[in-house]
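K.L.:
Mapped onto full-length UniProt numbering, the consecutive letters of the sequence shown carry residue numbers 1 to 811.
Don't be surprised by glycine CBs; every beta carbon is placed ideally from N, CA and C.
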Amino acid sequence: MRLRISTLLFFILWKTAAVGWAQGVDVRGTVLNAARQPVEFATVVLLSAQDSSGVQATVADAAGAFVLRGVAPGPYRLRASFVGWLPGTQRLAVAAGAPPAPVQLVLRPAPQQLGEVQVTALRPRITQLPDRLVMDVASTPLAAGYTALEVLARAPGVYVDPRTETVSLNGKGTLVVVDGKRTYMSAADLAVFLKGMPSQELQKVELITSPGAKYDAEGPGGVVNIVTKKSLQNGTKGSLTLGAGGTTNSRQTAGLSLNHKAGALALYGGYNLAGRQTRVSDESQIDYLGGPGADVTATHLLTSATPTRQLAHNVKAGLDWQVGPRTALNLYLRGLRTDRTSVTSAATQLLRGPGAPADSTLDSQTNTAYNSTQFSGNLGLKQTLDSASTLTADLDVSRYQSAGENQITNTFYTAQGPVPDRGLQLRNYLPTGIRIVAGQVDYERRLGGGTLGLGAKHSYVASENDARYELLQTGEWQNDAGRTNYFTYRENVSAAYATFAGKRYGLDYRFGLRLENTNSLGELRTTGQQNARHYTSLFPSALVSRAVGKNDFVSLAYGRRIQRPSYQSLNPFIYFQDVYTYSQGNPFLRPEYAHALDFTYTARSAYVFALGYSQTTDVISWVTQRTGPGSLVTQSRAENLDRQREWTLTVTAPYSPWKWWTITNALNVSYATFFLNSVANAPRTVQGVGGVYSIANDFAVKGGWVLSASGYFQSPMPRGVAQARGQASAYLGAQKKFLDDRLALRVTYSDIFRSARSVTRTEFANLRTNSTYRWDSNYFVATLTYQLGNQKVKAANKNRNVSGDEEGRIN
């Protein structure tokens, strides 16, 4: 069956490529302002010269560059527009087989006065492209005072779990990449990495819900690409950032960024220091039931609080070198060091029935010291073979090391006092090492009105997890053989893909097929247990879009994707929390597969209405169960749920009541059903409707100030085996530039009503859990950024980073 599907899809690709050989040329150009500087994310529309009907449209990238592919011969008009600027137009004549010279569209400032209010152009926070949604960061209050993880939590459709800090997109797991590059870290380690990356490093965030075959197939929800800043102008520039703030706890940030570009060589580097003091708390009630519909036989009431101190050092350096007319080379290096200490104090009361007094209390204190270090490097080469074809190659090498030390003290109390025999003192040392090597080769060739892409990739990941436990017995620390373990994991993924993108009969299209072969081996060396996996999967993808008016577009996308189990979720050893709670990996976890279909309508190049359907099999979720019918001990274990079906509706509606006020509305509504037949004691299904509405108000007022007021409301919704209650939060911000725009002040106040919290409920036949989790969401931060060097140097042509942004690939 797979062979038939593969043959059919390659036949479709071949026929599509054959159709694409029809005559058509690429039209390239740049959108500039009156000062000859690039206008980012400007909308570019190709209009028929005869009736001004829309033929094709795209959005300029961060350098103001754009490309319109497969334009048929004939007379046209090009029109570029952006909020706060008067549209720029230019006539264009396209001849058969002869691409026109690059076009420059110049936008003039719109009138600047409205009564007593000084109008400043406000860049839209959100831009919709055929295969992705782009959220601007650099020009908003998010550009300082936050971490990259906190910025992701503000993106439409993105959910960051407050407890585990895992990132999902539209309710499904996602692949998070930085400048188009995978990190290959676990969810916990990725969260540490993103919390060490300050938001002043970020240019934008791309939410790619319809990634093409060139991307790894990982992530059922799609790809989240964090794009960092890089200078595109000749000369030497830089910035210095200092910030501080807090409420109950404090935050500090400092950073230096430098860029130098002279002709064919561009150098850049930066260092950021971020300090944070945070606090999280948890209140849970765990009811042990006699069976379905039976009474509560016992209850655990758990309260805990964890204050944490963290310091992160983030350094990067790189170069882009146009070696010759046809050869470009880039090198990118990054290092991150994080140190964290925390103290968790918890109390668990045992009640032997409803309304009964506490039978006993378990006091637990965990002192943690943690550090992690990551070094990564990328070497990229782009070779232009001829006027129609290019070859790129990338090599990525990364090494990640972490070490955690925990000292755990458990003390039991009854009404009579402490019970020494049931007490426990435990300590552990948990070093982890991850090595990653990945290589990729991509070939692209223009074929008439389209582009054929072929590529191959191989990645190797090696993970070492050494967990050493010791018990305090008779005054001496002794090895705890029952908890000590050493787990290793090796994974090789080989992939090949083919894509074809072009334009025919007014349709922009991209078809692709990716094949991935996975070989992995997990070994628990303390017991000799091994678990090897070998599987090969096909991942077709398709995207078709069409202009239905001057500024209206529709697109239809399909894709199949995979979510492989994390390294730690495959480790079968037990991780001890206290005498009542532990977690355990599952070596028999299967990867989950998802099919997704999305229809998107974009009106007036701004209003977006998207309807999606997805079906995911073998959904991976952590499930908490009792260890036995009468047991008061719970185990959390990664399991495969049967499947998940989900309908989603996404609406993005920017609105400007006046030129000085921009409102960005985003609504994500979903109806999800989780089928749990494979989970013991669980209900057959968990289903429900949920939604998240977010709003951002930006005001450009007199004196050059830009004020913002934003917030979100999340309704109750299902999340795997649990039901989450609703929550809401609000934010304020202000920014102002001084000293000829060299000095920028940004002030933010997050969760002003202290309303952010996570409340969940899980009910099985013999276990019911209600939990309220709060985190350090309420804080005030002020940040100053000073621009160094000449800020008015001439813009340079942008050389595509061979390992980075693929924006506009379909156009």
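Going by CA-CA distance only, name the one from PRO102, GLY404, PHE412, ASP136 that's closest to PHE66.
P.N.:
Against the sequence shown, residue 66 aligns to sequence position 66. Nearest C-alpha to PHE66: PRO102.
K.L.:
The alpha helix (DSSP H) with PHE193 in it runs from where to where?
P.N.:
The residue given as residue 193 occupies position 193 in the sequence shown. From DSSP, the alpha helix (DSSP H) with PHE193 extends over 187 to 195.
K.L.:
Pull the bridge partners of TRP85 from the DSSP assignment, please.
P.N.:
Counting from one through the sequence shown, the residue named residue 85 turns up at place 85. PRO109, per the DSSP bridge assignment.
K.L.:
When you compare each of ALA369, SER771, THR348 to GLY359 by their alpha carbons, which one comes out closest?
P.N.:
Here residue 359 corresponds to residue number 359 of the sequence shown, with the count starting at 1. Note that residue 359 is Asp in the sequence shown here, rather than Gly. Of the candidates ALA369, SER771, THR348, the one whose C-alpha sits nearest the C-alpha of ASP359 is THR348.
K.L.:
Exposed or buried, which one is VAL25 when buried takes at least 16 other CB atoms within 10 Å?
P.N.:
Working through the sequence shown from its first residue, we reach residue 25 at position 25. The residue in question, VAL25, is buried, as its Cβ has 16 or more Cβ neighbours within 10 Å.
K.L.:
Using a Cβ distance threshold of 8 Å, determine whether the stretch 179 to 191 contacts the stretch 657 to 665, with at least three qualifying pairs required.
P.N.:
Verdict: no, contact absent.
K.L.:
Output the distance between the C-alpha atoms of LEU311 and THR166, rounded to the nearest integer angstrom.
P.N.:
For the purposes of this step, residue 311 is identified with residue 311 of the sequence shown, where counting begins at 1. For the purposes of this step, residue 166 is identified with residue 166 of the sequence shown, where counting begins at 1. Between LEU311 and THR166, the C-alpha separation is close to 21 Å.
K.L.:
How close, in whole Å, do the beta carbons of THR616 and GLU592 come, if the pair is a contact with beta carbons under 8 Å?
P.N.:
Taking the first residue of the sequence shown as 1, we reach residue 616 at position 616. Taking the first residue of the sequence shown as 1, we reach residue 592 at position 592. The Cβ separation is near 6 Å, so the contact holds.
K.L.:
Would you mind sorting TRP85 into buried or exposed? The rule is 16 or more other CB atoms within 10 Å of its CB.
P.N.:
The residue you call residue 85 lines up with position 85 of the sequence shown. Classification for TRP85: buried.
K.L.:
How long is the line joining the alpha carbons of LEU381 and THR127, rounded to whole angstroms?
P.N.:
Walking along the sequence shown from the start, residue 381 turns up at place 381. Walking along the sequence shown from the start, residue 127 turns up at place 127. So the alpha carbons of these two residues sit roughly 30 Å apart.
K.L.:
State the Cα-Cα distance for the pair LEU114 and LEU78, rounded to the nearest angstrom.
P.N.:
Walking along the sequence shown from the start, residue 114 turns up at place 114. Walking along the sequence shown from the start, residue 78 turns up at place 78. For LEU114, the predicted model reports a pLDDT of 35, less than 50, meaning its position is unreliable and no value from the coordinates is stated.
K.L.:
If you measure between the beta carbons of THR581 and THR634, is that distance less than 8 Å?
P.N.:
Stepping through the sequence shown from its first residue, residue 581 is reached at position 581. Stepping through the sequence shown from its first residue, residue 634 is reached at position 634. It is a contact, given that the beta carbons lie within the stated cut-off.
K.L.:
In this structure, does DSSP put PRO325 in helix, strand or coil?
P.N.:
By 1-based counting over the sequence shown, the position of residue 325 is 325. Note: PRO325 maps to coil in three-state DSSP.
K.L.:
By the three-class DSSP mapping on this structure, what secondary structure does GLN151 have?
P.N.:
As a first step, residue 151 must be located in the sequence shown, where it is residue number 151. Per the sequence shown, residue 151 should be read as Val rather than Gln. The answer is helix: DSSP assigns VAL151 an H, G or I state.
K.L.:
Just to check, is the beta-carbon of VAL669 closer than 7 Å to a non-hydrogen atom of the ligand HEM?
P.N.:
In terms of ligand content, the structure shown is empty, and the ligand HEM therefore cannot be addressed.
K.L.:
May I ask you to report which of helix, strand or coil DSSP gives VAL441?
P.N.:
Position 441 of the sequence shown, counting from 1, holds the residue named residue 441. Here VAL441 sits in strand by DSSP.
K.L.:
Taking 8 Å as the threshold (C-beta atoms), are LEU471 and LEU426 in contact?
P.N.:
Within the sequence shown, numbered from 1, the residue matching residue 426 stands at position 426. Within the sequence shown, numbered from 1, the residue matching residue 471 stands at position 471. Their beta carbons are under 8 Å apart, which means LEU426 touches LEU471 by this criterion.
K.L.:
Does the beta-carbon of VAL419 have 16 or more other beta-carbons within 10 angstroms, so that it is buried, or is it exposed?
P.N.:
For this step, residue 419 is matched to residue 419 along the sequence shown. Exposed: under 16 other Cβ atoms inside 10 Å.
K.L.:
Quick check on this structure: which residue in THR748, ALA730, GLY726 has the alpha carbon closest to the alpha carbon of LYS736?
P.N.:
As a position in the sequence shown, residue 736 is number 736, starting the count at 1. Nearest option by C-alpha distance: THR748.
K.L.:
Terminal residues of the continuous beta strand (DSSP E) containing ASN665?
P.N.:
Translated into positions along the sequence shown, residue 665 becomes position 665. Counting along the chain, the beta strand (DSSP E) containing ASN665 begins and ends at 661 to 675.
K.L.:
When we look at the beta-carbon of PRO718 and count the other beta-carbons within 10 Å, is it buried (16 or more) or exposed?
P.N.:
Your numbering for residue 718 matches position 718 in the sequence shown. By the 10 Å Cβ count, PRO718 comes out buried.
K.L.:
Quick test of your reading: SER284 and PRO307, contact by CB under 8 Å. State the CB separation rounded to the nearest angstrom.
P.N.:
As a first step, residue 284 must be located in the sequence shown, where it is residue number 284. As a first step, residue 307 must be located in the sequence shown, where it is residue number 307. The pair is not a contact, with the Cβ atoms about 19 Å apart (cut-off 8 Å).
K.L.:
Here's a check: name, in chain order, each residue in its chain whose Cβ is nearer than 6 Å to the Cβ of LEU329, leaving out the five neighbours to either side.
P.N.:
Here the question's residue 329 lines up with position 329 in the sequence shown. TRP321, VAL323, LEU381.
K.L.:
Identify the continuous beta strand (DSSP E) that holds ALA594 and give its terminal residues.
P.N.:
Taking the first residue of the sequence shown as 1, we reach residue 594 at position 594. Segment 592 to 603, the beta strand (DSSP E) holding ALA594.
K.L.:
Using C-beta distances below 6 Å, list every residue in its chain close to THR373, excluding the 5 sequence neighbours before and after it, in chain order.
P.N.:
Working through the sequence shown from its first residue, we reach residue 373 at position 373. The residues are ARG337, GLN401.
K.L.:
From GLU150 to LEU194, what distance separates their C-alpha atoms?
P.N.:
As a first step, residue 150 is located in the sequence shown; it is residue number 150 there, counting from the start. As a first step, residue 194 is located in the sequence shown; it is residue number 194 there, counting from the start. Roughly 9 Å separates the two Cα atoms.
K.L.:
Let me confirm a value: TYR505 is counted as buried when at least 16 other C-beta atoms fall within 10 Å, else exposed. Which label applies?
P.N.:
Position 505 of the sequence shown, counting from 1, holds the residue named residue 505. So TYR505 ends up on the exposed side.
K.L.:
Classify ASN479 as buried or exposed, calling it buried when 16 or more other Cβ atoms lie within 10 Å of its own Cβ.
P.N.:
Position 479 of the sequence shown, counting from 1, holds the residue named residue 479. It counts as exposed.
K.L.:
So what does DSSP say about GLU40, is it helix, strand or coil?
P.N.:
The residue you call residue 40 lines up with position 40 of the sequence shown. Residue state, collapsed to three classes: coil.
K.L.:
Rounding to the nearest angstrom, what Cα-Cα distance links GLU218 and THR297 in this structure?
P.N.:
The sequence position of residue 218 within the sequence shown is 218, counting from 1. The sequence position of residue 297 within the sequence shown is 297, counting from 1. Each residue's alpha carbon lies about 44 Å from the other.
K.L.:
Between which two residues does the beta strand (DSSP E) carrying LEU767 extend?
P.N.:
Your numbering for residue 767 matches position 767 in the sequence shown. Run containing LEU767: 767 to 774, per the beta strand (DSSP E) assignment.
K.L.:
So for GLU763, helix, strand or coil by DSSP?
P.N.:
Taking the sequence shown and counting its residues from 1, one reaches residue 763 at position 763. Strand at GLU763.
K.L.:
By how many angstroms is the C-alpha of LEU68 removed from the C-alpha of LEU216?
P.N.:
Looking up residue 216 in the sequence shown gives position 216. Looking up residue 68 in the sequence shown gives position 68. The identity of residue 216 in the sequence shown is Asp, whereas the question assumes Leu. The straight-line gap from Cα to Cα measures roughly 26 Å.
K.L.:
Curious, which full-length beta strand (DSSP E) runs of at least 3 residues does the stretch 529 to 554 contain?
P.N.:
Listed in chain order, they are 529 to 547.
K.L.:
Going by the DSSP bridge assignment, what does PRO418 pair with across the sheet?
P.N.:
For the purposes of this step, residue 418 is taken as residue 418 along the sequence shown, with counting starting at 1. TYR413.
K.L.:
Can you grab the Cα-Cα spacing for the pair THR299 / PRO629, in whole Å?
P.N.:
Here the question's residue 299 lines up with position 299 in the sequence shown. Here the question's residue 629 lines up with position 629 in the sequence shown. Straight-line Cα distance between these residues: approximately 15 Å.
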